[in-house]
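Undergrad:
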Amino acid sequence: MAVYTNQPTVPIPYLRPTRASFDNPGSAIDGGVNGNGESITISNSGGGIVTATYERCVLQADDTERHEVINWLGARGNSGVRFFNVPIINDGIGPFPIIDGKRRPIIKGIQHSDGSFFSDGSGYSQATVWAKLIEAAPLNAGQIKMRIYGASRDLRWSDWFSIYHDQNSTKSKGWRAFRYWESDKMAEGTETVDGVNLEFKDYTLGISPPLREATAANTRIEAARPMCVMRFPRGFTLPWEFEGNYQARPTLQFTEAF
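Under numbering that gives the first Met the number 0, residues 0 to 257 are what the sequence shown spells out, in order.
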């Protein structure tokens, strides 16, 4: 039986792709034509799958560890039966605050309570924007009610987000990515979370694809760098290849794991 939880995360930013593509191809099929000669569309309940492509990753001669990562991805993924958590890099378009002139989905360098850092000089990091389900939602739900904290703008057209599905101990779907096609703001205000007053906005969202697992109220929703458990698509393999002086521009293709 496939296991979708506790999968390794592909270090996409480290591989420096120069082009990215994310999609959710629909699951509709042609149901023939009616008396007017018009096509009738039949939609399956699964809502299609999420796909991701990262093109022309930049590997130079001195990037030995990046070459190792490509080898690891190929060794693990070429069979098509082992999975990865693949992040969707939405840093520049999500509803994140602008700090020091740049949109920030994640804040780094947070100190310990005594003002110190870790021994290597680094600190904690945390998402600037996150959300939770207001109401429980069943498997294949196409609509959810969500409360989002810290958003710098209203949810308007669409944003990607992800949920870690781990409600079912034997069939949990792990990280799954979604986006919304309809947004209706219900309320806004402030709420105390872990002793901190946070601004929130409540929404009813029409989502695609539908939920991959029944999900309880108060389940956390990630808005910063959402992830989806994926595998290499059928027919795709990732070779280790390079040209003069160990330069390479590999392309990575992923499709949602089932």
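Glycine included, every Cβ here is placed at the ideal spot set by N, Cα and C.
Identify the residues that DSSP records as bridge partners of I97: which are they?
TA: R102
Undergrad: Given R146, which residues of its chain have a CB within under 7 Å of its CB, disregarding the five upstream and five downstream residues?
TA: A130, K131, I133, F199 and D201
Undergrad: Alpha carbon to alpha carbon, what distance is there between G243 and P96?
TA: 42 Å
Undergrad: Would you mind sorting N84 into buried or exposed? The rule is 16 or more other CB atoms within 10 Å of its CB.
TA: buried
Undergrad: A74 lies in the beta strand (DSSP E); which residues open and close that run?
TA: No beta strand (DSSP E) contains A74, which is instead part of the alpha helix (DSSP H) from T63 to G76.
Undergrad: With a cut-off of 8 Å on the beta carbons, I'd call A135 and L210 a contact; round off their distance for me.
TA: At roughly 10 Å, the Cβ-Cβ gap does not stay under 8 Å, so A135 and L210 are not in contact.
Undergrad: Are L138 and Y179 touching if we call contact CB-CB under 8 Å?
TA: no
Undergrad: Got a sec? Which residues, its chain only, sit under 7 Å from P24 by beta carbon, not counting five neighbours each side?
TA: G47, I48 and T50
Undergrad: Go ahead and pull the three-state DSSP assignment for Y3.
TA: coil
Undergrad: Please confirm whether T250 and T52 have their CB atoms less than 8 Å apart.
TA: yes
Undergrad: Determine the extent of the alpha helix (DSSP H) in which L14 is found, giving its start and end residues.
TA: I11 to L14
Undergrad: Can you give me the start and stop residues for the beta strand (DSSP E) that C227 sits inside?
TA: M226 to R230
Undergrad: Output yes if chain D places a C-beta closer than 8 Å to the C-beta of E134; else output no.
TA: Of the protein chains in this structure there is only one, and it is not chain D.
Undergrad: Distance check for E187 and A150, CA to CA, integer angstroms please.
TA: 11 Å
Undergrad: Would you say the segment 98-106 touches the segment 71-84, given that touching needs at least three Cβ pairs under 8 Å?
TA: no
Undergrad: How long is the line joining the alpha carbons of E255 and E64, rounded to whole angstroms?
TA: Taking the straight line joining both Cα atoms gives about 27 Å.
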